[in-house]
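Protein chains: 2
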Amino acid sequence: MSLLVPTGGVVPCQPWPHRLVHGAWRVGLEDLIAERPYFVVAERRFADQVGQRNVIVDGGESGKTLNHAEDVVVALIQAGLTRSHVVVALGGGATTDLVGFAAATALRGVDWVGVPTTVLAAVDASIGGKTGVNLALGKNLIGAFHQPLGVVVDSDFWLSLPEVEWRSAAAEIFKAGLLRPELMERLESCSTAREAANYAVTAAELKLDVVAADPDEHNLRLALNLGHTLAHAIETQGNGRVQHGEAVAIGLAAVLRLNHPQATHHISLLDAWGLPTELPSWADAAGLVDLMRRDKKSNTDGLRVVLPGANGSCHLVDRFDPERLIEFAV
Amino acid sequence: MSLLVPTGGVVPCQPWPHRLVHGAWRVGLEDLIAERPYFVVAERRFADQVGQRNVIVDGGESGKTLNHAEDVVVALIQAGLTRSHVVVALGGGATTDLVGFAAATALRGVDWVGVPTTVLAAVDASIGGKTGVNLALGKNLIGAFHQPLGVVVDSDFWLSLPEVEWRSAAAEIFKAGLLRPELMERLESCSTAREAANYAVTAAELKLDVVAADPDEHNLRLALNLGHTLAHAIETQGNGRVQHGEAVAIGLAAVLRLNHPQATHHISLLDAWGLPTELPSWADAAGLVDLMRRDKKSNTDGLRVVLPGANGSCHLVDRFDPERLIEFAV
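Taken in order, these protein sequences are the chains called A and B. The opening position of the first sequence corresponds to residue 815 in the working numbering, with each subsequent residue numbered one higher. The opening position of the second sequence corresponds to residue 815 in the working numbering, with each subsequent residue numbered one higher.
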């Protein structure tokens, strides 16, 4: 077991080019890329917001396939993509993952900017340069670390989001709170997920700090996987029946019960925000264990899991028995 | 026009971890990765040389597709791949390109080692970390810069190579000679492609020096594309009718005729080695021009081409008219 985040928090150890910009997305984009030529790859529902020189994708987790990434690259090249262009990914987290991966591999890599249109994507997927697509074997098993030039957070996109999206984001914001006590203090006064989402940008900034300190996930960045080992397995098995944030809430509840002095207190907050904190009835425990054994953070020594400690600290545990996570998830 | 390689040659400007090792491949591999666990992805014809924990691919340029890369990643993950493993690519240049790309994207990137089994792959594809697959639109349009831990050159693999493979390698060795005058001096005394291939390792070392000085192809590395703008277009149009090295010879002859004081002298050497130095009869000039306009090295300003100068120097020219290359290729 090794200490990942000591009490006192994270200090970025290197200059970091990837920027977080707020406001109207066209203005933020110009702020990031100045006069460089660009193509927007947008979800269909935003087709009317982007100009003619763009590519449309369906969005959603089911669209995160290698074939769709190829479609995006082909469309961009046919539209005239060169290495001088910037690719702009406009949509939810599945879209920023897919389009970021297309940008990572088109012409062996072109610059990109994320414009997340959901709170969850603004807090999580669009930040930190993890891009990728899913395999039937599991989520994000093909991908690349490809840092965007920056991310533009335009909260106008959030106005029409359904309740489940706010809940999903609140789970990731809660995770950030476990790593940053002053954020958790504020979250404790939030009685709904939507209130918690007021701290979306604070959570995004925490993620950016952690990633800046360890972009390639050698140590510190692993802390961001708090609750995610079980969550990814649930999502893969759920195959659309559960949102990312809901699965994360179940995963966080499990690691809290397993290890944390304030587990009950913390879990009651997730409950209050309407997030699930136990395995769904359809879950198959043996299947989840198998999926966890294939986790990307595992190595030849077995499963690696992050466990939360007191005051924003957390620990990396090797050779963890995945069955224990299941045991504490109910 | 800007000077890429000044007279006097290339000086690597940074420490470079990617190593070149000679000898029996199993010994060289252990030298590179010590005790780390690994999987070999090998072409079918070498299936008997690799152990049980391996993945077999068909090899060849037609196998360089995104679907095959996905097949390789799936097979590796099913075999138990983790980020601690090393992936070993054993085969010709199409195989090291394909498997290197699978390694670049599996689990968002695992370490890899190239074991080229052809002279051409030893001189060119396996060196320098350019990995990728082809699209119908053109060669290597999806890929990644992913440096191998090293490359093992085991010349026992070369014993049974057909004549066309030696010729193909000789074209790339000749290109290295245009950048390193002391190599060209020696090549001038070679009367056959097979003799020229004695300088394969010298050419590989030159490539490694250039890549070490500019791994992401911002400037100096572009010099290695000498002759390749037209060559890639010919290969794409030829669709299997021409080998990479043959297309490179035609491309080199074109830039020599266009620009070089010793063009006739140099081209006679390519002729002597049995390499083509003019466009094949099936070539469609207008189609080649279109393909060149989509070249990855192009930008919004137009086509970028590398032209050879005297004494190992070369120049980068922007806004080049691709029709001029066609004009000088016949």
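C-beta atoms are modelled at their ideal positions from N, C-alpha and C, and glycine is treated no differently.
Between the CA atoms of residue j and residue i - distance to the nearest angstrom
i         : j         : result
B/Ser1195 : A/His1032 : In the structure displayed, chain B extends from 815 to 1144; residue 1195 of chain B sits before or after that span and is not available.
B/Val929  : B/Glu979  : 16 Å
B/Gly964  : B/Tyr852  : 14 Å
B/Ser816  : B/His1129 : 5 Å
A/Val913  : B/Asn1125 : 45 Å
A/Gly1088 : B/Leu1036 : 56 Å
B/Val967  : A/Val900  : 38 Å
B/Leu1001 : B/Phe988  : 7 Å
A/Arg833  : A/Leu846  : 8 Å
A/Thr1078 : A/Val1069 : 12 Å
A/Ala1014 : A/Asp938  : 9 Å
B/Gln828  : B/Ala1100 : Residue placement at B/Gln828 cannot be trusted, given a pLDDT of 47 that sits under 50; what the coordinates show is reported in the next sentence. For B/Gln828 and B/Ala1100, the distance between alpha carbons rounds to 42 Å.
B/Trp839  : B/Ile956  : 29 Å
B/Thr1016 : B/Arg1107 : 33 Å
A/Val1120 : A/Leu1044 : 11 Å
A/Gly1116 : A/Asp1135 : 8 Å
B/Ala1011 : B/Ala1018 : 11 Å
A/Arg867  : A/Val854  : 7 Å
B/Thr931  : A/Glu849  : 46 Å
B/Ile1140 : A/Ser898  : 25 Å
B/Pro826  : A/Asn1053 : For B/Pro826, the predicted structure reports a pLDDT of 48, less than 50, and the residue's modelled location is therefore unreliable. A value from the coordinates is still provided. B/Pro826 and A/Asn1053: Cα-Cα distance of roughly 50 Å.
A/Val871  : B/Val835  : 45 Å
B/Gly991  : A/Glu884  : 37 Å
A/Asp1098 : A/Leu1072 : 20 Å
B/Asp1132 : B/His1074 : 18 Å
B/Gly905  : A/His882  : 29 Å
B/Val886  : B/Glu857  : 12 Å
Within-8 Å CB hit, residue i to chain A
i         : result
B/Gly946  : yes
B/Arg994  : no
B/Gly991  : no
B/Thr919  : yes
B/Gly877  : no
B/Ile891  : yes
B/Glu884  : yes
B/Arg1133 : no
B/Gly923  : yes
B/Leu951  : yes
Enclosing beta strand (DSSP E) for residue i [first to last residue]
i         : result
A/Lys989  : Unbroken run through A/Lys989 is the alpha helix (DSSP H), 977-993; no beta strand (DSSP E).
A/Val1144 : Element bounds for A/Val1144: n/a, residue is neither H nor E.
A/Asp925  : 925-930
A/Ile956  : 952-959
B/Ile891  : Premise fails: B/Ile891 lies in the alpha helix (DSSP H), 880-893, not in any beta strand (DSSP E).
A/Thr757  : The structure shown does not extend to residue 757 of chain A, since chain A is modelled only from 815 to 1144, so the question has no answer here.
A/Arg1107 : Looking at the DSSP string, A/Arg1107 is not in any beta strand (DSSP E); the run it does join, the alpha helix (DSSP H), is 1099-1107.
B/Ala856  : 852-857
A/Arg1118 : 1117-1122
B/Val937  : Taken as a continuous stretch (DSSP letters only), B/Val937 belongs to no beta strand (DSSP E), being part of the alpha helix (DSSP H) at 933-937.
8 Å Cβ cut-off: residues of chain E touching residue i
i        : result
A/Glu979 : Among the protein chains of the structure shown, namely A and B, there is no chain E.
Where the alpha helix (DSSP H) containing residue i begins and where it ends
i         : result
B/Ala918  : 907-919
B/Glu1019 : 1014-1027
A/Glu1049 : 1042-1052
B/Gly1059 : 1058-1073
A/Val841  : 839-847
A/Asp1085 : 1077-1086
A/Leu963  : Unbroken run through A/Leu963: none, as it is neither H nor E.
Residue-chain proximity (residue i, chain B), Cβ-Cβ < 8 Å
i         : result
A/Ala908  : no
A/Gln828  : Per-residue confidence for A/Gln828 stands at a pLDDT of 47, beneath the threshold of 50, marking its modelled position as unreliable; no derived number is given.
A/Gly957  : yes
A/Val887  : yes
A/Pro928  : Inspection of the sequence shows that residue 928 of chain A is occupied by Gly rather than by Pro. Not one chain B Cβ lies under 8 Å of A/Gly928.
A/Leu880  : yes
A/Arg1108 : yes
A/Arg859  : no
A/Arg897  : yes
Quiz prompt | Segment contact flag, the stretch 881-895 of chain B with the stretch 917-928 of chain A, C-beta cutoff 8 Å, min 3 pairs | solution = Touching, no.
Self-check item: Inter-stretch contact (C-beta, 8 Å, three-pair minimum) for the stretch 941-948 of chain B and the stretch 968-978 of chain A
Solution: The stretch 941-948 of chain B makes no contact with the stretch 968-978 of chain A; the number of CB pairs closer than 8 Å stays below 3.
Practice problem: Determine, using beta-carbon pairs with one atom in the stretch 1086-1097 of chain B and one in the stretch 1060-1076 of chain B, whether at least three such pairs fall under 8 Å. | Solution: At 8 Å Cβ cutoff, the stretches touch.
Quiz item: Is the stretch 1002-1016 of chain A close to the stretch 1073-1087 of chain A, with three or more CB pairs under 8 Å?
Solution: Counting C-beta pairs closer than 8 Å gives three or more between the stretch 1002-1016 of chain A and the stretch 1073-1087 of chain A, which meets the contact rule.
Exercise. Tell me, please, whether the stretch 1098-1113 of chain B touches the stretch 1038-1049 of chain B by the rule of three or more beta-carbon pairs shorter than 8 Å.
Key: The stretch 1098-1113 of chain B vs the stretch 1038-1049 of chain B: in contact.
Quiz item: Does the stretch 1014-1033 of chain A come within contact of the stretch 1043-1052 of chain A, defined as at least 3 CB pairs closer than 8 Å?
Solution: No, they do not touch.
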